[in-house]
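Visitor: Sending over a structure as structure tokens; questions will come in a sec.
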Amino acid sequence: MRVCCQITILLLACNFYAFVYTQDPSCCHHAVDLPQCKDACDQLATIRSESRLMHLLQRLPSYCPESMNDLWICINSTLPGASRKSDGWVGLGCCELAISVECRRECKQASSKNDITKVCRKDTEKPLYSCITKNEMGSVCCSYAGRHTHCREYCQAIFRTDSSPTVSQINTVKEYCQSISPQLIICVANYTKSYPTRSPTDSLYCCDRAEQAHCQTACRRILRTMSTEHEIMEGLIEECGSQPLPQDPLWQCFLGSAHPHPPKSDPETSPTAKMDCAKLHCCSKANTSQCRVMCQEISTNWGTQTWQEFDQVCEYSPLETDLITCLADVREPCQLGCKDLTYCTNFNNRPTELFRSCNIQSDQGAMNDIKLWSNGTIKMPLMNIPVLDIKKCRPEMWKAVACALQIKPCYSKSRSSVICKSDCVDILTLCGDFSRFPEGHSPEQICELLSPTDDPERCIPLQRYLTPSPFENIIEEVIHPCNPNPCPSNHLCEVNRRGCHPGQDCKPYFCVPGCKLGEASEFLVHMEARIQIPVRSGQTGCYEVCTCGQTGRLENCAEMPCTDTTKTCAVGGQRKSHGTSFKVDCKSCFCYAGETICFPPQCPSLDNSGEQRRAFTGLPCGCPDHFVPVCARNGRTYPSACMARCMGFRDSQFMFGSCRSIGPCSPNPCPRNQRCIPKRRVCLTNTTDYPCLQYQCVGRPSGCDNNQLDPVCDTDNTEHTNLCLLYQSGKTLAYMGHCQDACRVTREVCGHNGVTYNTVCEAFSDRVAVDYQGRCHALGSLSGFPSDSGCNAVPCPALSAAGCNPITPPGACCPVCAGMLQILWNKQQMNVFAKLNHNQPVTVHDILRVLRLHISVPQCDIFGYLSIDSELVILIIPVDQQPTPLQIEACSKEAEKIDSLINSGSPTLSSHVPLSAFLTSELKLSTVSSAAAPCTSSLCVSNCLSLCLLLAFLLSYLNNLNCHC
């Protein structure tokens, strides 16, 4: 029998589970005459990863010929499992199925099932106990075979894997054992009756769980072409390079799919059972009804066979780019940064580039692809491409191709993972084996199918990855605490912006529990988050809002009114379909269910006279650019009564003065036994139906959690661990965050929202960035037209970085180095969300709190406000006092990432309430033309204090930060 089969059979006999390898390095001296074999053999002794060990064992025969008998005898004698316990503990081979580390350890040390019950709970360790029960039954059944070796071996094969027995296995046992032991046949029959006969294609949906694209493709091919479980298991291990551990999403699904389904009478415990709601979000993006229907089928039913058709018809169709990109966002969201790769080293040290799959597994996958391609054939999804010897013909280019397809750089427009057409044509022209090309195919024709574009925003330019990153020798100015994800599979990683308790190990991230977006989904959302998901029927435009409960499941679901996506918008004699963006004059607009919703900036008419154009203020309703602030009932300070009226407020719905100058607790609106606490907020919902109260009534808390860390500062400049403890002590909140000595004294600043704050700390606590020092007294331009409202007299602070090409937020006077999003949103949807949330209004802070979770770089933070013409303005700003060009670029990339997700309607954002009310976004980015120079000007020195406070406030976990201005 072939050596690779011998290894596979041994692994099968051990239930395909990984073991720590104990290879004796002395084996490798048998390969001293074959360097390639010896190198591979030497690797066995150094590998610590179980999956990599399994992978190399499967490929070792490619390096070491079967004729090397001494080597193979030596290796086989030290293969995993050779020195296992032999005390009859039938559950030992199942121990690797334990999900918790403690259970796995206890299981390996146990001598019976009773020894593990205290640590391994049956309700959470079902795969482990299922395996033990099966092994126990196998031991009993196969003992009836006595000394009849063949009968016993075929019997053991029935219980060998965690998958259902095949028809051929059952028939073979009957053939060899009928005359030997009727008891054995009866025993096996009782076991196999609980496993319905299944087709391999019933498990096609599991292939989507694989992390690597090449593994997904190979999995589908294997399940469609192979019939026995032995072939399938062997093929999956060889192609995917991983063993069947239950912690691996692919094997968890594949092994679990073989288990008998629960009785139909069992109630579904979740409204999203058997669903992948994240993928279901994508189905509406299908351009063909066929792909839409198949997408809905594979997203709502486990065990469906539609994956096969979906793969063939939709996965690589150029018509379905939006659908496929959306599904890719669900599986592997684009993340900033790439490092620690040992093979694809040119992809390292790229802190401001986006990648889908920068991890060790993809790095290894690229190396494995190169080894496979060295055989002379590139196996691609649509065809096999014959090539010359890639070790001699442009090897550096082939390595870049393999790494790009595995690591998957993604760009703002399409975020797809295809190399550029010109690179494809170039490498195939030089290195393609034309003698073996499919008849009638040329490099141009092949590349037209595989890489149809040269747009650098829509494809991967290989030239960038042929040389190391230019930042290779730069100290890390930008870090990515959550990439790769350091948290358990059922937790999300969140950047630590709160700090740590004294004496604790202060990590730059938190691991917080989450919920899957449906039982069949791997996409997680934060605990207590409110999530919009499509209804189970898949009806387009129909959604329900659920809450991520403490059980880790979506619950308390309530249906929303359906949106009629068939309605179109009439624009200039043309019809625009639902969900499309377009221009009307100078405005950006969006068609939503037949309603045209536009960005508000006013446009000067070309027909106006020169005098009329000079008088144009750029403000809604032609309001004069006077600054006489009023406070409207939505909590927003408008620069004039004219602007408040223009935004729909009646005179009785606003009062003169800034909202922060009006005390919401005087007179006291709360019951006698409760305390009134000011709670400033700007509401995005109808204030008539959902009042935007600027206070909250709280009772004196009876107990607070001292371990909850969310520092706050009171008006006496005393810091409290959290807000509850501050209220318990009877103090008044000054601002959120660590107390800053420089904020002891009032030093007024004007925020981008036109509101005056007593200190910069108060502004940052309100998630508002500072425009200039002093009280607000001027209104900046809204739509790029010059304004004479007093900004010319404002002493703007110097830019934080030399050579920065800044942006000016709408309504502000001073430019900043930042990335900016101007978001158009749906007021009707916001009102629906408020109604479903017990009539609680949606606020700007609600938006910023959720968006902040998507900022993965601690060197950047998010601020925002509602502009005076009702668009959401989001700023992503470097927090360092003098940010480097790299940090400014990182913040711009964070803004670019979010803008792309909004405009593509990606479930990464659109599943979150209230972000799902976003319609479209416009992006403006700062760039730096040269390295930032030291800040020495008098203006810069005067602004040093506020910038340093910004750094201290936003990087609050650096508890010993000192400000020297």
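1917 is the number that this note's numbering gives to position 518 of the sequence shown; each next residue is one higher, with no gaps. Beta carbons: idealized from backbone N, C-alpha and C, even for Gly.
1. When we look at the beta-carbon of H1429 and count the other beta-carbons within 10 Å, is it buried (16 or more) or exposed?
2. So, helix, strand or coil for C1908, using DSSP?
3. Among H1547, V2111 and A2040, whose alpha-carbon lies nearest the alpha-carbon of R2049?
4. Tell me which residues share the same chain as Y1942 and place their Cβ nearer than 7 Å to its Cβ, disregarding the 5 neighbours each side in the sequence.
5. Identify whether W1772 lies in helix, strand or coil by the three-state DSSP scheme.
6. With 16 as the cutoff for other CB atoms within 10 Å, does P2068 come out buried or exposed?
7. Which stretch, first to last residue, makes up the beta strand (DSSP E) that contains G1898?
8. If you run the structure through DSSP and keep just helix, strand and coil, what is E2270?
9. Which whole-angstrom value describes the C-beta separation of A2289 and P1750, a residue pair presumed to lie in contact below a C-beta threshold of 8 Å?
10. Give the secondary structure of R1974 by DSSP, where H, G and I count as helix, E and B as strand, and everything else as coil.
11. Count the C-beta pairs between the segment 1689–1699 and the segment 2264–2276 that are closer than 8 Å, then say yes if the count reaches three, no if not.
12. Identify, in the order they occur along the chain, each residue of the same chain with its Cβ nearer than 7 Å to the Cβ of D1469, setting aside the five sequence neighbours on each side.
13. Across which residues does DSSP place P2038 in a beta bridge pair?
14. Return the chain-ordered list of same chain residues with a C-beta closer than 7 Å to the C-beta of P2077, the five sequence neighbours on each side being excluded.
15. List the endpoints of the continuous beta strand (DSSP E) containing D1613.
16. Would you grab the beta carbon distance between H2435 and C1910 for me? Rounded to a whole angstrom, and I think it's under 8 Å.
17. With C-beta atoms as the reference, is S2367 less than 8 Å away from T1939?
18. Which residues does DSSP pair with I2206 in a beta bridge?
19. Flag this pair as touching only if the segment 1580–1591 and the segment 1535–1544 have three or more C-beta atom pairs under 8 Å; answer yes or no.
20. In or out: L1718 buried (at least 16 other Cβ within 10 Å) or exposed?
21. Do P1648 and E1921 come within 8 Å of each other at the CB atom, strictly closer than that value?
22. Less than 7 Å between C-beta atoms, sequence neighbours within five positions excluded: which residues of the same chain meet that for K1437?
23. Please classify T2114 as buried or exposed, where buried requires at least 16 other C-beta atoms within 10 Å of its C-beta.
24. Apart from the five residues on each side of it in sequence, which residues of its chain come closer than 6 Å, Cβ to Cβ, to M1782?
25. So what's D2170 in DSSP terms, helix, strand or just coil?
26. For Y2134, tell me which candidate among T2155, D2165 and P2070 has the shortest Cα-Cα distance.
27. In whole angstroms, what separates the C-alpha of M1453 from that of L1635?
28. On a Cα-Cα basis, can you pick out the residue from M1674, E2270, Q1949 and C1690 that is closest to T1699?
29. Taking the alpha-carbon of L1496 as reference, which of P1526, G2173 and K1517 has the nearest alpha-carbon?
30. Reducing DSSP to helix, strand and coil, say where R2386 ends up.
31. Anyone know if the C-beta pair for C1881 and Y1908 falls short of 8 Å?
32. Measure the C-alpha to C-alpha separation of A2217 and C1614 and round it to an integer number of angstroms.
33. Have a look at E1552 and D1710 and give me their C-alpha separation to the nearest angstrom.
34. Using only the alpha-carbon positions, how far apart do A1801 and I1769 sit?
35. For the segment 2218–2304, which segments carrying the beta strand (DSSP E) assignment without a break, of at least 3 residues, lie completely within its bounds, in sequence order?
36. Okay, do the segment 2149–2166 and the segment 2204–2213 touch, 3+ Cβ pairs below 8 Å being the bar?
Guide: The answer reads as follows:
1. Buried, because 16 or more other Cβ atoms sit within 10 Å of the Cβ of H1429.
2. Checking the displayed sequence, the identity of residue 1908 turns out to be Tyr instead of Cys. Three-state DSSP puts Y1908 in a strand.
3. The shortest C-alpha separation from R2049 is found at A2040.
4. Closer than 7 Å at the Cβ level, and outside the excluded window around Y1942, lie Q1931, I1932, P1933, V1934 and M1959.
5. In this structure, W1772 counts as helix in the three-state DSSP scheme.
6. Classification of P2068: exposed, given that the 10 Å Cβ count is below 16.
7. For G1898, there is no enclosing beta strand (DSSP E), since its DSSP letter is neither H nor E.
8. Three-state DSSP puts E2270 in coil, outside helix and strand.
9. For a cut-off of 8 Å, the C-beta gap from A2289 to P1750 is around 6 Å, short enough to register as a contact.
10. Strand.
11. No, they do not touch.
12. Beyond the five residues adjoining it in sequence on each side, D1469 comes within less than 7 Å, by CB distance, of H1429 in the same chain, given in chain order.
13. P2038 is not bridged to any residue.
14. Taking C-beta separations shorter than 7 Å and ignoring five residues to either side along the sequence, the partners of P2077 in its chain run P2063, C2064, Q2093 and Y2094, following chain order.
15. Per the sequence presented here, residue 1613 reads as His, with Asp not at that position. Segment A1612 to T1624 is the alpha helix (DSSP H) holding H1613; no beta strand (DSSP E) there.
16. The question about residue 2435 has no answer here: the residues shown for the chain are numbered 1400 through 2364.
17. The question about residue 2367 has no answer here: the residues shown for the chain are numbered 1400 through 2364.
18. BP columns for I2206 point to V2215.
19. Yes: at least three Cβ pairs fall under 8 Å.
20. Around the beta carbon of L1718, fewer than 16 other beta carbons sit within 10 angstroms, so the residue counts as exposed.
21. Their beta carbons are under 8 Å apart, which means E1921 touches P1648 by this criterion.
22. Excluding sequence positions up to five before and after K1437, its CB lies within less than 7 Å of the CB of C1427, A1430 and V1431, all in the same chain and listed in chain order.
23. It is exposed - the Cβ of T2114 has fewer than 16 other Cβ atoms within 10 Å.
24. Around M1782: no qualifying Cβ.
25. Three-state result, D2170: strand.
26. Ranking the options by Cα distance to Y2134, first place goes to D2165.
27. Residue placement at M1453 cannot be trusted, given a pLDDT of 49 that sits under 50; what the coordinates show is reported in the next sentence. Their backbone Cα atoms lie some 11 Å apart in a straight line.
28. The shortest Cα separation from T1699 among M1674, E2270, Q1949 and C1690 belongs to M1674.
29. The shortest C-alpha separation from L1496 is found at P1526.
30. Since the first residue shown for the chain is 1400 and the last is 2364, residue 2386 is missing from the structure and cannot be characterised.
31. Yes. Within cutoff.
32. Their Cα atoms are separated by approximately 40 Å.
33. Between E1552 and D1710, the C-alpha separation is close to 38 Å.
34. A1801 and I1769: Cα-Cα distance of roughly 7 Å.
35. Fully enclosed beta strand (DSSP E) runs of 3 or longer: 2218–2224, 2259–2265 and 2271–2277.
36. Under the Cβ criterion (8 Å, minimum of three pairs), the segment 2149–2166 counts as touching the segment 2204–2213.
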